[in-house]
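*Asks:* Note that the protein sequences, when read in sequence, are chains D and C.
Position 190, counted from 1, in the first sequence is what the working numbering calls 190; the numbers after and before it change by one each time, with no gaps.
With the second sequence counted from 1, adding 1000 to any position gets you the working numbering.
Don't be surprised by glycine CBs; every beta carbon is placed ideally from N, CA and C.
Take this structure, written in C-alpha cells, and hold onto it; I'll ask about it next.
Number of protein chains: 2
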Amino acid sequence: MKSLTDKQQEVFEFIRSCVRDENYVPTVREIGERFGFSSTNSVRGYLEALEKKGYISRRPHSSRGIEIAGEFLENAERGIPIVGRVAAGAPITAIENLDGYLELENLYAADNHYALRVRGDSMIDDGIWDGDFAIVRNQPRVENGEIGVAVVEGEATVKRIVISGRTAQLIPANSLYSPIHVDLESTDFRVGGKVVGVHRVLY
Amino acid sequence: MKSLTDKQQEVFEFIRSCVRDENYVPTVREIGERFGFSSTNSVRGYLEALEKKGYISRRPHSSRGIEIAGEFLENAERGIPIVGRVAAGAPITAIENLDGYLELENLYAADNHYALRVRGDSMIDDGIWDGDFAIVRNQPRVENGEIGVAVVEGEATVKRIVISGRTAQLIPANSLYSPIHVDLESTDFRVGGKVVGVHRVLY
DNA sequence: TAATATACTGCACGCATGTACACTTTTCAA
DNA sequence: TTGAAAAGTGTACATGCGTGCAGTATATTA
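Now the structure itself:
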C-alpha cells in the first residue's frame, strides 16, 4: 500500500478517530475546520489522495460518505496480548516480547460456538474443573470418545461420548464416577456439540 | 428505560444495523425508503419517539446526525454466548437460554493483563496443562502460595510462589517435581504477575 | 526542463437532508 | 368519550454538503 505524507496521515487519523471515538463520519467542511482550511477544496485534495492510495473509499454525492478501508477499522488490537519468550532485561509485557493477541472470537470463528458453565468434577482428569467454561462448537454429533456436550432430557452435561447401537455412553474423567448409559429410544438425547476449548477464571 | 413499540423497535434495529454493519448512519429519507414511507415526516415521528425514550440522540441540523445511545452500541454482543440452563425442547443455543457473553477483555479489565503459554506439566494438579494459556494480571508481587509468574534470569514460569527471607520457593503442582529454591541476592528474580485465568484450546 | 504530485484559496452549483406546518386515521388507557 | 400516543401522507423551505472549475505556489521526479 502506498505511503501517506505526514499531513495526509494527520487527516486520515482525524477521520479515523472521529469514526472510532465519536461514531460519526466528518463532513468535508468539518475536516477543513479542524485543520483551519478556508476552502473545502483543500480537503478535497486530501480525500482524493487518500482514496487513490486505498485508505478510504467514498459514496459519491452522499453526505458524510467517507468509508475507512477495512484494514484500518479497529479489530487488530483486540484481546489480551500474548507474551512469548521474555527478552533479557525487558519488562515481561514489553512490546518486543509480544507474540500476538488472545481473543475468543478470533480463536473460535464467529457464529457456531457457545460457552457452557461446567458443574461438578466429573471431568477433572481431563483438566476440566467445576466452574470452568467449556467452549463448544455447535455440531450434531462427535467422534466416539471425544469430549462433547450431551443433552439428556434437556439437561446439558460435558462428557466423553460414545454411541454404539441404541445406547449412548457418557464417560466421566474421574475414577469416582461411573459411565452413564442412555437408551436412545426411550430417552430424549441430543449431542449439543464438541468441546473445543476450556476457560477458567481464577481470581 | 421506556419500552418501544414493535415498529419503533424495527426502525431502531435498522438504524443500529446500519451503524454496526455498514458503518454509516442512515438519513431520514434512507430510513423512510427502507420501510416504504412516502413522507419524511413518518420517519420524524419515529426519531422523536426514539429520542424521547432515550434510545438515540440527535445532533440538530446535522446530516446523518443520529447517535445510538451508548448502551446499545455494540460491546454487549461481543464474545461467545454463554448458555445457561437449557429450556425444554429448545435448541441449546436458543436465545431464551442465553446467559451473557464470555469475552476476555470484559473478564480481565483493560490494560494490565497478558497471556503466557504454559510449557511443561509442572502445574497439572492445579489444572494447568502443557500448552494452556495462563492469563496474568501484571503485578510486582503475589501473596505467598498464590499461583503467579516467576521470571528467573529472564525465563518466565508459572508456579506457586512463596517468598521468605532471601529465598523464593517456586512450588510445582505435580508430585513428580520438587520445589525450586531461588536465592534472591544472587539471582535475577522478578514476579511477573498473578495468574487470574487459564485458557485451553482443544481442537 | 518539463511534468507531476502536494498543498492550498475562492467561488459557485445543485442536490441532499433535517425540519416545520397542516391533516387523517387508528388504538388504547383514563 | 375524551384525549393522548402511535402511525401515517403531502408539501415546502433553508441550509448542509459533495462536487466542479479556476487559479497560485512549492517540491519532487523523470
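Quick check on Y55(D): buried or exposed, where buried means 16 or more other Cβ atoms within 10 Å of its Cβ?
*Replies:* Numbered from its first residue, the first sequence carries residue 55(D) at position 55. Y55(D) should be labelled buried.
*Asks:* Exposed or buried, what is G148(D) when buried is set at 16 or more other beta-carbons lying within 10 Å of its beta-carbon?
*Replies:* Here the question's residue 148(D) lines up with position 148 in the first sequence. By the neighbour-count rule (16 or more Cβ atoms within 10 Å), G148(D) is buried.
*Asks:* Under the assumption that A69(D) contacts S57(D) (Cβ atoms under 8 Å), give the Cβ distance between them as a whole number of angstroms.
*Replies:* Here residue 69(D) refers to the residue found at position 69 of the first sequence. Here residue 57(D) refers to the residue found at position 57 of the first sequence. So it is a contact: roughly 7 Å between Cβ atoms.
*Asks:* Using a C-beta to C-beta distance shorter than 9 Å, which residues of chain C count as neighbours of S63(D)?
*Replies:* Taking the first residue of the first sequence as position 1, residue 63(D) is located at position 63. Per Cβ cutoff of 9 Å: T1027, S1063 and R1064.
*Asks:* Could you list the residues in the stretch 1101-1114 of chain C with a C-beta less than 7 Å from some C-beta on chain D, going in chain order?
*Replies:* Within the stretch 1101-1114 of chain C, the qualifying residues are L1102, E1103, L1104, E1105, L1107, Y1108, H1113 and Y1114.
*Asks:* Here's the rule I'm using: 16 or more other beta-carbon atoms within 10 Å means buried, otherwise exposed. How should F233(D) be labelled?
*Replies:* No statement about residue 233(D) is possible, as the shown extent of chain D runs from 1 to 203 and does not include it.
*Asks:* Go through the stretch 1022-1078 of chain C residue by residue and report every complete run of the beta strand (DSSP E) that reaches 3 residues or more, in order.
*Replies:* The stretch 1022-1078 of chain C contains these whole beta strand (DSSP E) runs: 1056-1058 and 1066-1068.
*Asks:* Output, in chain order, the set of chain C residues within a Cβ distance shorter than 8 Å of I180(D).
*Replies:* In the first sequence, residue 180(D) corresponds to position 180, counting from 1. Chain C residues near I180(D): none, gap ~17 Å exceeds 8 Å.
*Asks:* Please name the residue, chosen from E22(D), N41(D), L47(D) and G36(D), that lies closest to Q9(D) on a Cα-to-Cα basis.
*Replies:* Locating residue 9(D) in the first sequence gives position 9, counting from the first residue. With distances taken between Cα atoms, Q9(D) lies closest to L47(D).
*Asks:* Check the DSSP bridge columns for Q169(D) and list the partner residues they point to.
*Replies:* Working through the first sequence from its first residue, we reach residue 169(D) at position 169. Note: Q169(D) sits in a beta bridge opposite V162(D) and H181(D).
*Asks:* Considering only their Cβ atoms, is the gap separating V136(D) from L1107(C) smaller than 8 Å?
*Replies:* Sequence index remark: in the second sequence, residue 1107(C) carries index 107 (1-based). Sequence index remark: in the first sequence, residue 136(D) carries index 136 (1-based). No; because the gap between Cβ atoms is not below 8 Å, this pair is not in contact.
*Asks:* Between the C-alpha atoms of Y204(D) and V1025(C), what's the straight-line distance to the nearest angstrom?
*Replies:* Outside the displayed range of chain D (1 to 203) lies residue 204(D), so it cannot be described from this structure.
*Asks:* Taking Cβ-Cβ distances shorter than 8 Å, what residues in chain D pair up with F1133(C)?
*Replies:* By one-based count along the second sequence, residue 1133(C) stands at place 133. Chain D residues near F1133(C): I82 and L102.
*Asks:* Suppose contacts are defined by Cβ-Cβ distances below 8 Å. Is E103(D) in contact with L1104(C) by that definition?
*Replies:* Along the first sequence, one-based indexing puts residue 103(D) at 103. Along the second sequence, one-based indexing puts residue 1104(C) at 104. It is a contact, given that the beta carbons lie within the stated cut-off.
*Asks:* Residues in its own chain within less than 7 Å of G204(D) by CB, not counting five upstream and five downstream?
*Replies:* The question about residue 204(D) has no answer, for chain D in this structure spans 1 to 203.
*Asks:* Tell me which same chain residues have a C-beta within less than 7 Å of the C-beta of G1193(C), skipping the five on either side of it?
*Replies:* Within the second sequence, numbered from 1, the residue matching residue 1193(C) stands at position 193. So the list reads V1136, R1137, N1138, Q1139, G1148 and V1149, once near-sequence residues are dropped.
*Asks:* So E1105(C) is in the alpha helix (DSSP H); what residue range does that whole segment cover?
*Replies:* By 1-based counting over the second sequence, the position of residue 1105(C) is 105. Per DSSP, E1105(C) belongs to the alpha helix (DSSP H) from L1104 to L1107.
*Asks:* Any idea if F35(D) is buried or exposed, counting beta-carbon neighbours within 10 angstroms, 16 or more meaning buried?
*Replies:* Here the question's residue 35(D) lines up with position 35 in the first sequence. So F35(D) ends up on the exposed side.
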